[in-house]
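Beneath this line is the structure, given in structure tokens, with notes to follow.
Numbering (my numbering), first residue to last: -17 to 482.
Pasting the structure below:
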């Protein structure tokens, strides 16, 4: 027999197995508080005023977020209607296009707030941030719409149009406002300074990109209704399709092929009229200038029009830089480049940066600069040039375009706006006085310009132009004057001066 052992077995067969200690339950994350829809609107507006949002740990429900976004979108669409004077039509694509940055903003906020938030931070930062940011953007959008609406109606003061330091100060203040609002919205949700800084910088960069490169609005001018009211031909908003592009390419080729060769034995005039801004006044002005060149300067078959406007898409090639270059090349190929005269007339809005404004929505057209035009003219090698620029601040084009063989005329000096380019204007003051009136009486560009300037000044006074006389400019190269004198004598013999 074995002696009994002092050691007992670990488990007795008859006893139940030892139970595992119960796992310690983790506390459930606190559910976000719920606020009313009106409270969220108030919180967003408080953030817009750079005041604390006062939302605590609350988060919007999915339906609340839906209604906040819907209400803000409806308000923005309604306010944007003020940006288009007169008849306008709503374009869904024009409204949705600027919203393409929203996805980038949400991803940025998610990356900055979700991964870095400490336990005590907001439980649902991304939808809450988006709700506050959406509502806080309404006052900022209202300010932007107000400025745009006043500019569209030519009601902005001269110091704003001239791009003075005060205008830039206000522009900078708006961006400071955006930064402060982004900070107010972000600091309400997370205490991390790093996440706040990353979010604010990222949002500013995305907003700046959208402001610079996404120029699209939900409301576009309704040319059909506007021009019907003006007893003009009906037009519709441009519709882009493969057929339209193909037809335009064929139309350009057809137009350039129709340029007739020069007539031997005398100085020939060739012309190009370029109107890149889709506004009725520029369509009329383009047709008028082309008519004057053909009727008064013997340029039948020698004039090319490039115009942006839905009403002439089927009959006139688009005014784009590519078409401008191709047209200059085609004209030069038919000319005696050393002895003939090329007249180029530009008609559009202009800015203090001396770029010719373009607009043919939804077609994107690059703006033309004087340096670009000078380069194109030098490339084709036409010696004798008469250049007229009917646009605000057009005086900034004189120096880049001037040469011994060039005459340059502009509707304004480099620091003033011109007049008569509104949507209901028949012609610009410059085009009307210089081409439609004076050049129908004389073949001398210098004499016509000298006679037109006081007429323009008087009409600006009568029209209550409040930012000073446009002060049209002229520069005449020493070698172009005898060429134009010879042309004037020849034209006087072939086309005696007469009235309209």
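Quick reminder that beta carbons are idealized off the backbone N, C-alpha and C, glycines included.
Source: prediction; values computed, not measured.
Going by DSSP, name the residue or residues bridged to residue 372.
329
Rounded to the nearest angstrom, how far is the Cβ of residue 171 from that of residue 77, given a contact under 8 Å?
Between residue 77 and residue 171 the Cβ distance is about 28 Å, and since that is not below 8 Å, they are no contact.
Nearest CA to the CA of residue 91: which residue from 450, 165 and 357?
165
Closer than 6 Å by C-beta to residue 307: which residues in its own chain qualify, once you throw out the five before and the five after it? Chain order, please.
358
Between the C-alpha atoms of residue 472 and residue 433, what's the straight-line distance to the nearest angstrom?
22 Å
Ordered list of alpha helix (DSSP H) runs contained in the segment 267 to 294, each at least 4 residues
none
To the nearest angstrom, how far is it from the Cα of residue 364 to the Cα of residue 449?
37 Å
List the DSSP bridge partners of residue 492.
Summary: the structure shown does not reach residue 492, with the chain confined to residues -17 through 482, and so no result is reported for it.
Does residue 451 come out as helix, strand or coil in the three-state DSSP assignment?
coil
Spell out a yes or no on whether the segment 225 to 236 and the segment 442 to 460 are touching, meaning 3 or more CB-CB pairs, one atom from each, closer than 8 Å.
no
DSSP on residue 458, reduced to helix/strand/coil?
strand
Residue 153, DSSP secondary structure in three states:
helix
Please work out which residues of its chain come closer than 8 Å, Cβ to Cβ, to residue 134, disregarding the five sequence neighbours upstream and downstream, and give them in chain order.
65, 66 and 67
Mark residue 264 as exposed unless 16 or more other C-beta atoms lie within 10 angstroms of its C-beta, in which case mark it buried.
buried
What do you get for residue 15, buried or exposed, if any count of 16 or more other CB atoms within 10 angstroms of its CB means buried?
exposed
Taking the beta carbon of residue 297 as the centre, do at least 16 other beta carbons fall within 10 Å, making it buried, or is it exposed?
exposed
Boundaries (first-last residue) of the alpha helix (DSSP H) holding residue 53
44 to 62
Do residue 411 and residue 379 count as a contact pair if the criterion is CB distance below 8 Å?
no
Near residue 302, which residues of its chain fall below 6 Å by C-beta distance, leaving aside the five closest residues on each side in sequence?
347
Taking the alpha-carbon positions, what's the residue 36 to residue 163 distance?
14 Å
Apart from the five residues on each side of it in sequence, which residues of its chain come closer than 6 Å, Cβ to Cβ, to residue 426?
470
Entirely within the segment 363 to 446 and at least 3 residues each: give me those beta strand (DSSP E) ranges in chain order.
366 to 372 and 388 to 392
Can you give the Cα-Cα distance for residue 54 and residue 116, rounded to whole angstroms?
7 Å
So, is residue 153 buried or exposed, given that buried needs 16 or more other C-beta atoms within 10 angstroms?
exposed
Cβ-based burial, residue 476 [other Cβ within 10 Å; buried from 16]
exposed
How is the beta strand (DSSP E) around residue 72 delimited, first residue to last?
70 to 72
With 16 other Cβ atoms within 10 Å as the buried cut-off, status of residue 446:
exposed
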